[in-house]
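Just so we're aligned, residue 931 is where the sequence shown starts under this note's numbering, counting upward by one. What follows is a set of notes on a single structure, which appears directly below.
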Amino acid sequence: MKNHAIRLSAHQAAAELAIVQSVAKILWRSIAVVAATEMGVMLLLKASGQPITLWTSLMDTLLLSAVALPTLYAVTLRPVAHLAAQYSAAAAEARFQAIAGAVQDGIVISGWDRKIRFANQAAEKMFGHPAGVLQGRELEELMPPEYVQRCREGMARYRATGEPRVVGKGVVELEGQRLGGERFPVEFSLNELTLANEKSFVAVIRNISERKRGEEALRQAEERYRGIFNDAVLGIFQTTPDGRYLSVNPAMAQMYGFASPEELMASRTDIARQAYVRPEQREEFKRRIEQEGAVEGIEYEVYRKDGNRIWFRENARAVRDAGGQILYYVGTVEDVTESKRAVEALRASEQKFRELLEHLPVAVRIVRAGKLEFVNPADARLHGYESPVEEIKADAPFAHLVPEDVERMKEYSRKRAAGEEAPLLYEVGHTRKDGSEIRVEVHAERVVYEGKPASLLVLLDLTERTKLRMYEQILPVCCTCGKIRNDEGVGRGQGAWERLDHYVAQHSDAQVSHTFCPECLEEYRRGQGLK
C-alpha cells in the first residue's frame, strides 16, 4: 500500500509540475499566435488597398478574433484543460489510496477477466503476499479450490443475464486462502464501479478469525453454563423483585416437586404468597439484598407442590441496571430439610440426655478444653455448690483441679481433642467450693455435646470408699477368750478364729476391734437365759 501511495503521490506532483511548466509555453504561444494573426490581417488589408480608417480597424479586430481564438484554444487552453483533468484524477486517486491505506479491511479491485487491478496493504497482509505482488495476479489465488469454479460461473452468469447474486447484496461469509494454503474465515461485500470507462468489481474483505474464535469460545462457555445449570445439584434461579421466576434449573424444580422448570415457573407467579411458609421472610430478604447487595446462608421454609414443607438455604445477589435499579435476583438454594431434622433430632436427643444426667445419683460433668460445659446436681453437691448453675459460673479452665494434677489433666485433654488415646479411668484431686480437697475416681468417655467433641466424666467420691476399706481392714477380737477372726483369703466374716498372739506374730500391722467369738457369744447367751 505504501508503494501505491508513493507512486500516486509522485504522479500527482508530476501533474502539478507540468501545469507550472506550461505557463511559459502558454504565454509565448499566445503572444506568437496574436502577433502572427495581426500581421497577417494587416498584410491582407494593405494588399486590398484599404486605407486605415475606423472601418478597417474594426475589420482588423473581427478578423483577428475569428482567426486567433480557435488557434489559442487548440494550442494553449486545450493542453491546460487536459493537464487539469490529469491533476484532478491524480488527486482523487491519491485520496482513494490514502483511504484504502488507512482502513483495516482488505480492498481488492478486479475486472471481468478476474485479474487483480488493485489490492491495498491490508489485503496483501491478510492473504500473506508481499507488497505489490497481487496486482495483475488471478483473483482465484485468494480462494480455496472449491470456490474457484463457483466464482467463474457466477461472473459468467452475471455478465450474461445482468442479474446479480452476490454483487450489491451486502455482506457474505466464506473462506479465504493465504499464500501458504492456510484457510481462514472472511466476511466480504462485492460492488460494481466504473474505472476508465470499464466496469470493475471492488471487494471489501474482513478477516473474522478472531470474531469466530470469540463466538466459538462464547458458544463453549454457554454450553458449559447450560451443563452446569441443568446438571447442578443445587437449585439455581433468577427472580424478579415482584416475585416471578425468570429461570430455574431442573434441580430446583425437583426440590419443589414439579416435573420441569417450565411447570414451576408457570405455577409460582407470586413467590412470597405461594412458596414461602412465612411470606414476611420474602420482604426481609428483599430489604437485606437492597441494602447489602447480596445475602448468604439465609434459611426459610417453603411449600412443595404437594403441600409438604421443606427447608431451603439460599445465597443470592442483586443484578442492577446502569441506573442502579434492581433488574432481578440470581442465586442458589439447597434443600436442608434433612439436616434441619437431624439438628432437631440431635437437640431433642441432647435434651433427653441432659435430663437423664441430671437425675443420676452419681456426679456427672461434661468438660471441653478443661472447662465445665455441664454438671448435674449430684456433681454440684459433691463440690459444695447450691446448684449446677452456680458451679459452672464459678468455674474456669482446670480451676476445679488440685495444683499437682493440672498438667496431667491438660495432657489428657489435649490427647482427647487430638483423637489420641488417653486414660479412661484415673484418680484425681478436686477442690470444693470451700477450698477443701477430695479425691475422686474418674470414668471418662468421648462424646459430642452441642455439635462439638467433649469429655463425659463420671465422678466417684473416694472418701467413703477409703472409710469402707479401712473398716474392712479392722478384724474382730473376742473380748472373752481373746481369739481373733482371720478373714485372709476368704469372704469377710467367714474366717476361722485363732489365738490373737499367733495372728499378731504374723501380722504386726493388724487393726482390731472387740467383739465375741461364736462360742463365747453362745456361752454368754445361755448364761443370760437368752437361749
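All C-beta atoms in this analysis are idealised placements derived from N, C-alpha and C, irrespective of residue type, glycine included.
**OP:** Counting only the same chain and skipping the five closest in sequence on each side, list residues whose C-beta sits under 7 Å from that of G1253.
**Re:** Within the sequence shown, numbered from 1, the residue matching residue 1253 stands at position 323. Taking G1253 as the centre and dropping the five residues before and after it, the same chain places no C-beta closer than 7 Å to its C-beta.
Original post:
Which of the three DSSP states, helix, strand or coil, is assigned to S1385?
Top reply: Here residue 1385 corresponds to residue number 455 of the sequence shown, with the count starting at 1. In the structure shown, S1385 sits in a strand (DSSP, three-state: E or B).
Subject >> Unbroken stretches of the alpha helix (DSSP H), 4 residues or longer, contained in the region 1210-1297 >> reply: Segments of the alpha helix (DSSP H) lying fully in the region 1210-1297: 1210-1222 and 1267-1288.
**OP:** Identify whether E1153 lies in helix, strand or coil by the three-state DSSP scheme.
**Re:** Indexing the sequence shown from 1 puts residue 1153 at position 223. If DSSP states are grouped into helix, strand and coil, E1153 belongs with the helices.
Original post:
Which residues in the same chain as R937 place their Cβ atom closer than 8 Å to its Cβ, once the five residues preceding and following it in sequence are excluded?
Top reply: Reading the sequence shown from its first residue, position 7 is the one you call residue 937. Here R937 scores only 44 on pLDDT, less than 50, and its place in the model is too uncertain to base an answer on.
Original post:
Starting from G1106 and walking both ways along the beta strand (DSSP E), at which residues does that stretch end?
Top reply: In the sequence shown, residue 1106 corresponds to position 176, counting from 1. From DSSP, the beta strand (DSSP E) with G1106 extends over V1102 to Q1107.
Original post:
Does the distance from the C-beta atom of I1256 to that of Y1379 stay below 8 Å?
Top reply: In the sequence shown, residue 1256 corresponds to position 326, counting from 1. In the sequence shown, residue 1379 corresponds to position 449, counting from 1. The answer is no: Cβ separation not under 8 Å.
Subject >> Residue range of the beta strand (DSSP E) that includes I1138 >> reply: Residue numbering aside, residue 1138 sits at position 208 when the sequence shown is read from its first letter. No beta strand (DSSP E) contains I1138, which DSSP labels as neither H nor E.
Subject >> Proximal residues to I1322 (C-beta, below 7 Å), its chain only, five neighbours per side dropped >> reply: For the purposes of this step, residue 1322 is taken as residue 392 along the sequence shown, with counting starting at 1. Same-chain partners within the cutoff: L1302 and V1305.
Original post:
Is it a yes or a no for the region 1089-1102 touching the region 1137-1149, going by three-plus beta-carbon pairs under 8 Å?
Top reply: Verdict: no, contact absent.
Subject >> Burial state of A1293, where buried means 16 or more other Cβ atoms lie within 10 Å >> reply: Against the sequence shown, residue 1293 aligns to sequence position 363. A1293 should be labelled buried.
Subject >> Span separating the alpha-carbon of H1330 from that of L1392 >> reply: Sequence index remark: in the sequence shown, residue 1330 carries index 400 (1-based). Sequence index remark: in the sequence shown, residue 1392 carries index 462 (1-based). Note on geometry: alpha-carbon atoms of H1330 and L1392 lie some 16 Å from one another.
Original post:
If we cut at 8 Å on Cβ distances, does R1203 have a partner in chain B?
Top reply: Checking the listed chains, one finds no chain B in this structure; it contains a single protein chain.
Subject >> Cβ-based burial, V1358 [other Cβ within 10 Å; buried from 16] >> reply: By one-based count along the sequence shown, residue 1358 stands at place 428. Counting Cβ neighbours within 10 Å, V1358 comes out buried, since at least 16 surround it.
Subject >> Which residues DSSP lists as bridging W1427, in chain order >> reply: For the purposes of this step, residue 1427 is taken as the residue at position 497 of the sequence shown. DSSP lists R1415 as partners of W1427.
Subject >> Among E1193, P1291 and R1298, the one whose alpha carbon lies nearest that of R1311 >> reply: In the sequence shown, residue 1311 corresponds to position 381, counting from 1. Ranked by Cα distance from R1311, the options E1193, P1291 and R1298 are led by P1291.
Subject >> Candidates D1172, Y1186 and Y1206: closest to V1178 by CA position >> reply: On the sequence shown, position 248 is the one that residue 1178 refers to. When each option's Cα is compared against that of V1178, the closest is Y1186.
**OP:** Compare the beta carbon distance of L1387 and V1372 with 8 Å and say whether it is the shorter of the two.
**Re:** Against the sequence shown, residue 1387 aligns to sequence position 457. Against the sequence shown, residue 1372 aligns to sequence position 442. Going by C-beta atoms, L1387 is nearer than 8 Å to V1372.
Subject >> Contact check, I1135 vs A1205, beta carbons under 8 Å >> reply: Here the question's residue 1135 lines up with position 205 in the sequence shown. Here the question's residue 1205 lines up with position 275 in the sequence shown. In this structure, A1205 does not lie closer than 8 Å to I1135 by Cβ.
**OP:** Counting only runs of 3+ residues fully inside the region 1320-1392, write out the beta strand (DSSP E) ranges in chain order.
**Re:** Taken in chain order, the complete beta strand (DSSP E) segments of 3 residues or longer contained in the region 1320-1392 are 1355-1361, 1367-1379 and 1382-1391.
Original post:
What's the call for T1169, buried or exposed, on a 16-neighbour Cβ count within 10 Å?
Top reply: Taking the first residue of the sequence shown as 1, we reach residue 1169 at position 239. Per the 10 Å Cβ criterion, buried.
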